Amino acid sequence: MVSSNLNEKLKRMPTTPGVYIYEDAEGKIIYVGKAKNLRSRVSSYFRLTLDRSSKTFALVEKINNMRFIEVESELEALILEAELIKKHMPQFNISLKDDKSYLYVGIKSEKINVDGKLTNVQKIETFRKPDTQKYRYYYGPFPDGRSVRQLVRTLRKIFPFRDCSIAKYEKYKKLKAPCLYGHLNLCPAPCVNGSGVLALYRSNIKTVNSILSGKTSKLLNTLEKQMKDYSSAENFEKAASLRDTLRKFQYVRQSFRLPGEYIENPYLLDDIAKTALEDLVSTVPVLKELPTRIECYDISNISGREAVGSMVVALNGRIDKREYKRFKIKAKSTPDDFFMLYEVLYRRLSHEIDPKKKSWGLPSLIVLDGGKGQLSSGMEVLTKLNLDIPMIGLAKREETVVYYNNGFHETLPDTGSPGMRLLINLRDESHRFARKYHHILRSRKIFGAVK
14 MVSSNLNEKL KRMPTTPGVY IYEDAEGKII YVGKAKNLRS RVSSYFRLTL
64 DRSSKTFALV EKINNMRFIE VESELEALIL EAELIKKHMP QFNISLKDDK
114 SYLYVGIKSE KINVDGKLTN VQKIETFRKP DTQKYRYYYG PFPDGRSVRQ
164 LVRTLRKIFP FRDCSIAKYE KYKKLKAPCL YGHLNLCPAP CVNGSGVLAL
214 YRSNIKTVNS ILSGKTSKLL NTLEKQMKDY SSAENFEKAA SLRDTLRKFQ
264 YVRQSFRLPG EYIENPYLLD DIAKTALEDL VSTVPVLKEL PTRIECYDIS
314 NISGREAVGS MVVALNGRID KREYKRFKIK AKSTPDDFFM LYEVLYRRLS
364 HEIDPKKKSW GLPSLIVLDG GKGQLSSGME VLTKLNLDIP MIGLAKREET
414 VVYYNNGFHE TLPDTGSPGM RLLINLRDES HRFARKYHHI LRSRKIFGAV
464 K
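Each residue of the sequence shown is one higher than the one before, counting from 14 in the working numbering.
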């Protein structure tokens, strides 16, 4: 039976990634877990029909209180969970799964023969706790072995490294051919490529170490700067390579934070959201107060066909997928993004002045994916419906903010500022959401034709 106190906390739990913490009647931490969706994962403990002799039943019986820490990604949840387990050694984390079976990720140096010289070349692998002394750097424990192996595989696709034994290395060196991982570009293969790949290899190891240490934000900024520098120098091949790396790097992208930051301030994401909103007020000239509800719109179509619009929402500075809406364009079947945007905005905002419809809540800032043309279409809607809502365009080229104040104006805020990061994330999310719906409609049409 779940107590009324726990029931209330379950109802208030967010559906975002994070770490949940169970405490007993004495306030002692007895279990730490991670979740992609906090509410769904924690609720599952109290919906299960458990064997009374099981350790999970014993855990649920002892739960007197629960806390949670929201994070921005599954990877952050994975690493924060490991840090909290290492710090508190909760009783049920140890008893439900023997600590010896927990996985760690380790980086260690080995002297191997490169071009006839014994050279220190690091490698990355997963291992069990008794082996920690063999590694120069190690991270964990990670209770979820499947997740951490997936993490290592993901990182290896982007930043290739070796995990082979010295014996295996020597075998392929004699064969003068790389192993399967070398053929798949998952290892730079120093066994056959020699010292020519060591600079890149060491850079990859350093990058992976940074990611596992929680320094992803700084790393991404460095990669973006390098990409722009290569582009400016017209070294388009290297610029394109870095661009592709950044695109692949979605799993660990943007604002990755150290576990210690969340431990020190469990409400870190709320504080970050408030800072972003305050920054927007000082950045966007048409804003006079904190925008509690920001809506961002985008249009997706191919030559006007299967045209759709998307609305994504940030409430109090936090993107909230439960508020998303999608629109199938009805009035236009030829390419006209401005007219399509007008239709979407008119349908959405007229929803608020129709007494027969349930209000979604008026936005306090509207962001349009585009420039002056899109902003003109949006302003026509506001005029027709007699609404006074701050509205801006966010043009992809150089991330320009376009606004109207006795004429059209443009400003180029710092793209690394908290407010601009929120706007850019919203714009990117609106683009993703619109394209996803567009692809659904195209698939329906294609498969419908097949039938």
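In this text, a Cβ means the ideal position worked out from N, Cα and C, and glycines have one as well.
These numbers were taken from a predicted model, which means no experiment stands behind them.
Which listed residue (the options) has its alpha carbon closest to that of residue i
| i | options | result |
| --- | --- | --- |
| Thr413 | Leu381, Pro304, Asp242 | Leu381 |
| Val134 | Pro376, Arg149, Lys184, Phe140 | Arg149 |
| Leu395 | Ser372, Arg360, Phe140, Lys369 | Arg360 |
| Arg215 | Leu197, Ser430, Ser122 | Ser122 |
| Tyr450 | Asn126, Met324, Val415 | Met324 |
| Arg25 | Glu36, Ile43, Val55 | Val55 |
| Thr139 | Lys124, Gln104, Arg175, Lys130 | Arg175 |
| Pro403 | Lys75, Ser372, Tyr416 | Tyr416 |
| Glu96 | Leu211, Tyr275, Thr424, Gly429 | Tyr275 |
| Tyr58 | Met79, Lys124, Leu188 | Met79 |
| Arg162 | Pro201, Leu91, Leu131 | Leu91 |
| Leu475 | Arg65, Leu19, Glu85, Asn20 | The requested residue 475 is not part of the displayed model; the chain covers only 14 to 464. |
| His422 | Gly153, Asp367, Gly384, Lys75 | Gly384 |
| Pro426 | Lys370, Tyr182, His452, Pro298 | Pro298 |
| Ala71 | Gln104, Gly40, Glu94, Ser53 | Gln104 |
Beta carbon of residue i nearer than 9 Å to that of residue j
| i | j | result |
| --- | --- | --- |
| Leu378 | Leu300 | yes |
| Tyr117 | Pro156 | no |
| Phe172 | Asn106 | no |
| Val32 | Lys49 | no |
| Ser296 | Asn329 | With the sequence shown as reference, residue 296 is identified as Thr, and Ser is not the correct amino acid for it. Their beta carbons are not under 9 Å apart, which means Thr296 does not touch Asn329 by this criterion. |
| Lys147 | Gly129 | no |
| Thr288 | Pro191 | no |
| Ile179 | His101 | no |
| Ser313 | Phe351 | no |
| Leu439 | Cys309 | yes |
| Leu435 | Leu197 | no |
| Val165 | Ile98 | no |
| Tyr280 | Phe446 | no |
| Leu23 | Pro272 | no |
| Lys124 | Leu131 | yes |
Own chain, CB closer than 8 Å to residue i, minus 5 neighbours either side, in chain order
| i | result |
| --- | --- |
| Asp284 | Asn278 |
| Lys186 | Asn126, Cys204, Val205 |
| Leu51 | Met26, Pro27, Thr28, Thr29, Pro30, Gly31, Tyr33, Phe81, Glu83 |
| Phe465 | This structure gives no information on residue 465, because the portion of the chain shown stretches from 14 to 464. |
Terminal residues of the alpha helix (DSSP H) in which residue i lies
| i | result |
| --- | --- |
| Gly273 | 272 to 277 |
| Pro203 | 203 to 206 |
| Ile171 | 158 to 171 |
| Gly153 | It is not in any alpha helix (DSSP H) - Gly153 instead sits in the beta strand (DSSP E) that spans 150 to 155. |
| Lys334 | Counting along the chain, Lys334 falls outside any alpha helix (DSSP H), and DSSP gives it neither H nor E. |
| Arg25 | 17 to 25 |
| Gly195 | 193 to 196 |
| Asn248 | Counting along the chain, Asn248 falls outside any alpha helix (DSSP H), and DSSP gives it neither H nor E. |
| Arg175 | No alpha helix (DSSP H) contains Arg175, which DSSP labels as neither H nor E. |
| Val221 | 211 to 225 |
| Ser291 | The sequence shown places Glu at residue 291, rather than the Ser named in the question. Note, Glu291: alpha helix (DSSP H), 281 to 296. |
Delimiting residues of the beta strand (DSSP E) encompassing residue i
| i | result |
| --- | --- |
| Leu407 | 404 to 408 |
| Tyr33 | 31 to 36 |
| Ser138 | Residue 138 is actually Glu in this sequence, not Ser. It spans 130 to 141 - the beta strand (DSSP E) in which Glu138 sits, taken as one unbroken run. |
Same chain only: Cβ atoms within 7 Å of residue i, ignoring 5 sequence neighbours per side
| i | result |
| --- | --- |
| Tyr264 | Because Tyr264 sits at a pLDDT of 43, beneath the cut-off of 50, its placement in the model cannot be relied upon, and the point is left open. |
| Leu362 | Val394, Leu398, Leu400 |
| Ala462 | Residue confidence is low: Ala462 scores 46 on pLDDT, short of 50, so the model does not pin down where it sits. Its coordinate-derived value is still stated next. So no residue of the chain qualifies. |
| Asn77 | Glu36, Asp37, Ala38 |
| Lys464 | Unreliable placement is indicated for Lys464, whose pLDDT of 37 sits below 50; the coordinate value is still reported in the next sentence. None. |
| Leu16 | Inspection of the sequence shows that residue 16 is occupied by Ser rather than by Leu. Excluding positions up to five away in sequence, the list is empty. |
Same chain, Cβ closer than 6 Å to residue i, five either side skipped, listed in chain order
| i | result |
| --- | --- |
| Asp112 | At Asp112 the pLDDT is 48, less than 50, meaning the model places this residue with poor confidence and gives no usable figure here. |
| Leu375 | Glu365 |
| Arg169 | Leu199 |
| Ile307 | Ala327, Leu378 |
| Arg331 | Ala286 |
| Gln387 | Leu354, Leu381, Gly406 |
| Glu442 | Val325 |
| Gly158 | Leu116 |
Minimum Cβ-Cβ distance from residue i to chain B less than 9 Å
| i | result |
| --- | --- |
| Leu197 | Going by chain labels, chain B is absent from the structure shown, which holds only one protein chain. |
(request) Could I get the ranges of all uninterrupted beta strand (DSSP E) runs contained in the region 44 to 128, with 3 residues as the minimum, in chain order? (result) Listed in chain order, the complete beta strand (DSSP E) runs (minimum 3 residues) inside the region 44 to 128 are 78 to 83, 116 to 127.
(request) Scan the region 361 to 432 and note each continuous alpha helix (DSSP H) run of 4 residues or more that stays entirely inside, going in chain order. (result) Listed in chain order, they are 385 to 397.
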